[in-house]
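With full-length UniProt numbering, letter number 1006 in the sequence shown gets 1006, and the count goes up by one each step, no holes.
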Amino acid sequence: MRSSLIAAPFPLGSINLCFHLFNLILDEAQIMLERMHHRGACSCDDDSGDGAGVMTGIPHEFYANELKKLNIALPPPRSYATGIFFFDRFNYMKGQEAMNDLVQMCGFEVICWRKPPVNSSSVGKVARESEPLIRQIFILCEGLDEAEMQRRLFLLRKQASTSISRQGVGCYICSLSADTIVYKGQFTAFQLWKYYNDLQSPLFKTHIAMVHARFSTNTMPNWERAQPYRVLSHNGEVNTLRGNINLMRAREGLMSSEHFGADFEKLFPVIEENLSDSGTLDCVIEFLLRAGERSLPEVAMTVVPEAWEKDKTMDLDRKAFYNWSAMVMEPWDGPALLTFCDGRYIGAILDRNGLRPARFSITNENLIYMASEGRLRPGRMLLVDTERRILVRDQQLKLEISRLRPLRKWLRAEVISLESVVKDYQVKYGTLTFEYLLSRELAHVAEEEETIHDDRRLTLFHYTQDTFGILIVPMIRDKKEALGSMGNDAALACLSEYGPLLYGYFQQMFAQVTNPPIDPFREQVVMSLACPIGPEENILKPSAAQCRRLFLEQPILSVVEMESLKKINYKGWKARLIDTVYPRRHGVTGLLPALDRICADACIAAMDGYQLIILSDRAVGSDYVPISSLLAVGAVHQYLIREKLRMKVGLVVESGEAREIHHFCVLLGFGADAICPYLVYETLYRLRRMGLLEPPFSDEQIFENFRDACYRGICKVMAKMGISTLHSYKGAQIFEAVGLGKEVIEKCFTNTVSRLGGANFEVLAEEVLRRHFYAYTRREGDNLALISEGVYYWREGGEKHLNEPQSIAKLQAAARLNDSKSYEEFAEASNSSNRWCTIRGQLELKYSPKPLPLEEIEKAADIVKRFATGAMSFGSISYETHTTLAVAMNKIGAKSNTGEGGENSERYLSTDPNMNMRSAIKQVASGRFGVTSAYLANADELQIKLAQGAKPGEGGELPGYKITNEIATTRKSTPGVGLISPPPHHDIYSIEDLSQLIYDLKSANPKARISVKLVSEAGVGIIAAGVVKCKAEHITISGHDGGTGASSWTGIKHSGVPWELGLAETHQVLVMNDLRSRVAIQVDGQLRTGKRYSNANFCLQRHFNANVFS
């Protein structure tokens, strides 16, 4: 006899390969789960878990014995199905009756309903308050073959999940199968077996078991979100969830199934409502398995592919499979260990980066253990086939699957390359050159006495001298994105007086705690911008037609490529050009009808069989106003998704507006497949012609360098969110809108996070009409020149900044002279700047008509003890500055922060009370510079820096020439050798890893308070709740406007959101979960006056980081 056990602390499974039924299998799974109790989480009552569950084979002997007590004879195994239902307690009978009717409609017969015995007293108070009524159904399924029975049970389950809830009955189906059963709930690891009496019976025998304990990271815990789900258990995050959901819904318009026939649409929606990322992925995997023609391991390979694009050692058949899979659907990207089971197969697969660990081991007793605490190589799979009774190794399994179909032949015959399209154009229409196309489009610009300002489109599209001098020309010269420094203190786009482009309203989201960012350069092997565009085929029916798509290596198109796509007539493909402009005479009210016209034209093009839709604003001029390319793309993308037509066409943008990395990322993130920034190329052509580019480049070199810089920049933005492939990033909407109105979000950016409201279509139209007026009105004035508005650096009369010269001068005078009047003038100027630039500046204090007596107010000497300096490292600032800050804060009883550069032992060993240079807060960052046992032991607070407000998702860098002997000694490094902090902590790849580090730091210094530094973004509240469950005692919420050294302009300007949004969310979520009393909350980012500290305090936090001028 050969038996095996697969077990993992999150996903666990056990199997007996000889198909003997054992109670031992279940006992072993229980032991493994309970031993990993510390990897799960508890709610505020310390007794309600985030969720735990077990999937097993159906214990026929046990169920037969239980039903015999009810005088019911259970038919033989595999001739019946069963499943556990969660009903609400008020009208569950209505739910059971509805289920009975559905069973009959599907041609089955209800054997009985059973009430599984449970022990409610074994779970915590929070779990008991939401405890559902639990019932188990048994359904007779005789006379059907295996495949047909599985399909009809799936149809029944899908209909029940949607129709019963529509009747106002709370109903959740844990599973409904002839092969497996799921027991789960809002438990800790120890409570699962105590709650369900079934699991304690010696008659409960099974050949498989898969268990899971949950640590919720992106949704709040409840009974339904416990795992396992119906097919899988998931340890990780799906970072591309919004895009995956949108595209899966759009595919519903393409899918069909000969097996389901007219009943097929009853399986929609594929993805049910109000699910976590794990639940959503389970819906898709279950759908592809039951409705398609793929086995469970093949489905797993499709949704979580290996990093195949740059792997030169991968065999050709396997690479062909992944290439074909990419034609069919995008990866569900993110750090993940998936374990899955459908009764026949049970196995596990790891994400392409290997960011969630997994290990398996076969014992002398022929038991196999698999746990998420070791090593299954990135992208690899472990599988047991209980029908063939074998353990299948990764390479053998994937070769078998890859050779099921002639995929290499399909790919060679059907895939369309961009090079082939260009060659076909040149054969039919003649040779194309950059010189010809660029000069043709610039015929309206006089060459004699030419200046950069002569092209009025530059003013129309909001180009400035800084656009070229700071952003674009360095990209051409260095083949990488330009760097800035000192952080972002300019006004938010929604508060700007200079009518910023729509892209400025969107802030990039990023990974922190629950999934790590990726180092896009050192982990380049897993990064890819290659993806197919154009019409998809039925995802459920493998065919050569699925490969008939245009495959792009990267999304930035040249003018030659764009021209070729406009006139494409290759292999039956055709493109429809839609102008994204409207007549100026229509005024402010013309924008919305124009958007509706564009959406209607796109819909007609999709239904008429066009493969590509090109949205172009080239038709702009004195009589026509451009619609923002982002607005047009978002509106068309969402409209086609709603009409289930999006997967029938590719969406290409020809834009004079887009020119920088953030613009491209936002366009791609909201649905664009490829972008041609034609005005960038045309203006660089003019600069080259005018002799203003140094060194001189050819037009081809300009494009290639610009494309390379864009490649690096887009990879870096994706990596901040922990996303490896553009295929997954496209349409994923990983942005937060700050200051856009509800009507704009709903029409063009559906389901994008937007907490404030703000600019509507009328405001957006007014801004573009104002630019159009400046660009095309004939008058002698500033409108004839490109004006630098001071977005990147302060300029007199330009964009408002928090750090304006008057504020700095008054602060310096107040500090040097100890002059209260100068300070008052500084405070007035600073508060005024806040009103112009920030959300918190819009808040006004309401004063009581009767002030409190001064003696009842907390003393200033006690208030300042809550102050802390910013985390600025020795190396980023000088030794003198660093120690002066520490001395000053120690004198007033406040705290200084070392930053990530360590601290010399002479500072924390000093005993001079008047010159105490010891920093009370010691930071532990991803580089671990200077972190020693002595360093940790000499701290009042240990801060784990998971992200930095000014550049979240990125690491710091200190060039070699700055690494002096003193700095190297402090950081435990080598003089003259540059230091780079990696974007992630390489020992924190999940929230459970963070819990382990907190425990380790507490062990190193039991007296120190453990702090975790987060950056404000949507969802930071749930992350903070998880951090509190990890036993952190202090949380810092860092705003987007903090300071930094060198970083890309994209990261400085467009990542993170104001701390006031993150603080409000964090406080509310912690209060909602009764966790607020366990933690102190601190904020940092441009705090400088008493009024702004009061704003933060009224947002209900108690500690302040005064890091602006320190």
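C-beta: ideal position from N, C-alpha, C; glycine also.
A quick note: this is a predicted structure, and the numbers were derived from the prediction, not measured.
In its own chain, which residues sit with a C-beta less than 8 Å from the C-beta of residue 307, not counting the 5 before and 5 after it?
352, 353, 378, 379, 525, 526, 528, 724
Rounded to the nearest angstrom, what separates residue 115 and residue 392 at their Cα positions?
In this structure, the alpha-carbon of residue 115 lies about 39 Å from that of residue 392.
Starting from residue 639, follow its DSSP beta bridges and name the residues at the other end.
According to DSSP, which records beta bridges pairwise, residue 639 is partnered with nothing at all.
So, with DSSP's three-state summary, where would you put residue 985?
coil
Give a yes or no on contact between the stretch 309 to 320 and the stretch 255 to 275, applying the rule of three or more CB pairs nearer than 8 Å.
Result no; under three Cβ-Cβ pairs closer than 8 Å.
So residue 332 and residue 383 are in contact, right, with Cβ under 8 Å, and what is the actual spacing, rounded?
Between residue 383 and residue 332 the Cβ distance is about 19 Å, and since that is not below 8 Å, they are no contact.
With residue 686 and residue 442 assumed to form a contact (beta carbons below 8 Å), what rounded beta-carbon distance in angstroms separates them?
The beta-carbon distance between residue 686 and residue 442, rounded to whole angstroms, is 7 Å. This is short enough to meet the 8 Å contact definition.
Which same chain residues end up closer than 6 Å to residue 814 when comparing Cβ atoms and leaving out the 5 residues on each side of it in sequence?
822, 823, 826
List the whole-angstrom C-beta distance separating residue 839 from residue 1058, where the pair is believed to meet the contact cut-off of C-beta under 8 Å.
5 Å
Taking contact to mean 3 or more Cβ pairs, one atom from each stretch, closer than 8 Å, check whether the stretch 176 to 184 and the stretch 73 to 92 are in contact.
yes
Below 8 Å between beta carbons: does that hold for residue 199 and residue 285?
no
Identify, in the order they occur along the chain, each residue of the same chain with its Cβ nearer than 6 Å to the Cβ of residue 1044, setting aside the five sequence neighbours on each side.
487, 950, 951
Using a 10 Å radius around the Cβ and a threshold of 16 neighbouring Cβ atoms, would you call residue 1156 buried or exposed?
Beyond the ends of the chain as shown, which are 1 and 1110, falls residue 1156; an answer cannot be given.
Find the nearest neighbour of residue 617 within the set 631, 741, 720, 1019, judged by alpha-carbon distance.
Residue nearest to residue 617 within the set 631, 741, 720, 1019 is 631 (criterion: CA-CA distance).
Give the list of continuous beta strand (DSSP E) stretches no shorter than 3 residues that lie fully inside the stretch 992 to 1047.
Complete beta strand (DSSP E) runs here, min 3: 1009 to 1015, 1034 to 1038.
For residue 427, count neighbouring C-beta atoms within 10 Å of its own C-beta (all shown protein chains included) and say buried if the count is 16 or more, exposed if not.
exposed
Is residue 282 helix, strand or coil when you go by DSSP?
helix
Sorted by chain position, which residues of the same chain lie with C-beta nearer than 8 Å to residue 290's C-beta, five sequence neighbours on each side aside?
150, 151, 154
Under the DSSP definition of a beta bridge, which residues are partnered with residue 943?
923, 1011
Compute the Euclidean distance between the alpha carbons of residue 305 and residue 325, then round it to the nearest angstrom.
8 Å
With distance defined between alpha-carbon atoms, name the residue in 863, 73, 453, 209 nearest to residue 786.
453
What does the Cβ neighbour count give for residue 112, buried or exposed, with the cut at 16 atoms within 10 Å?
exposed
Applying the 10 Å Cβ sphere with the 16-neighbour rule, what's the burial state of residue 764?
buried
Taking the Cβ atom as the reference point for each residue, do residue 715 and residue 634 lie within a distance shorter than 8 Å?
no
Entirely within the stretch 107 to 162 and at least 4 residues each: give me those alpha helix (DSSP H) ranges in chain order.
Runs found: 125 to 129.
Nearest to residue 505 by alpha carbon, out of 693, 735, 479, 584?
735
For residue 1024 versus residue 1035, is the C-beta distance shorter than 8 Å?
A Cβ-Cβ contact shorter than 8 Å links residue 1024 with residue 1035.
Report the residue from 25, 301, 191 whose alpha carbon sits nearest the alpha carbon of residue 202.
25
Could you pull out every residue in the same chain whose Cβ sits closer than 8 Å to the Cβ of residue 907, ignoring the five residues on either side in sequence?
883, 886, 917, 918, 919
Taking residue 697 as the reference, give the member of 473, 652, 963, 185 with the closest Cα.
473
Report buried or exposed for residue 30, applying the criterion of at least 16 other Cβ atoms within 10 angstroms of its Cβ.
Residue burial annotation: residue 30 is buried, with at least 16 other C-beta atoms found within 10 angstroms of its C-beta.
Checking contacts by CB at 8 Å: is residue 715 closer than that to chain D?
Absent from the structure: chain D. Only one protein chain is present.
Is it the case that the Cβ atoms of residue 339 and residue 180 are separated by a distance below 8 Å?
no
Quick one, which of 593, 566, 561 has its alpha-carbon nearest residue 552's?
561
Could you pull out every residue in the same chain whose Cβ sits closer than 8 Å to the Cβ of residue 795, ignoring the five residues on either side in sequence?
788, 789
By Cβ distance below 6 Å, which residues in the same chain neighbour residue 60 in space, the five residues on each side in sequence not counted?
77
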